[in-house]
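One structure below.
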Amino acid sequence: MGLFGFIERISGRSVLMEAMFARLGVRDWFATSTNGAQALRRATLRCAACDHAQDCADWLETHDRADHAPEFCRNRDLTDRIAKAMRKAS
């Protein structure tokens, strides 16, 4: 995959990733946390390297809200940690 292909892949995956973070209730954490930008960069790279884009899109179509990302999600551990930190802070 060339550079432009990778950029296109990141762009497409960012739509899925934002939707996933919204469903899990952790999207705003990235904007408000002091480590948010760094965590978002790493999450974006994990998402871009994932081979489950269609599984992700299918999961998003059937879930308006969820407590955990699906098992195949490479950012599941991250979103679980963020959700736990958000619950603890409130």
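Position in the sequence shown (first residue = 1) + 3 = the numbering used here.
The beta-carbon is built from N, C-alpha and C at its ideal position, and this holds for glycine as well.
Small disclaimer: the values here were computed from a predicted structure and weren't measured.
If contacts are defined as beta-carbon pairs under 8 Å, then residue i and residue j qualify, I think. What distance do you get, rounded to the angstrom?
i: R16; j: A56; result: 7 Å
i: A46; j: M20; result: 7 Å
How about residue i and residue j: are their beta carbons less than 7 Å apart?
i: V29; j: T82; result: yes
i: C59; j: R77; result: no
i: R26; j: R90; result: no
i: L43; j: F33; result: yes
Using only CA atoms, which one of the options lies nearest to residue i?
i: F75; options: A40, C50, E11 and I13; result: C50
i: A22; options: F9, W62 and A86; result: W62
i: F24; options: T37, S36, F9 and R79; result: R79
Using 10 angstroms around the beta-carbon of residue i, count the other beta-carbons present and answer buried if the total reaches 16, otherwise exposed.
i: F7; result: exposed
i: I85; result: buried
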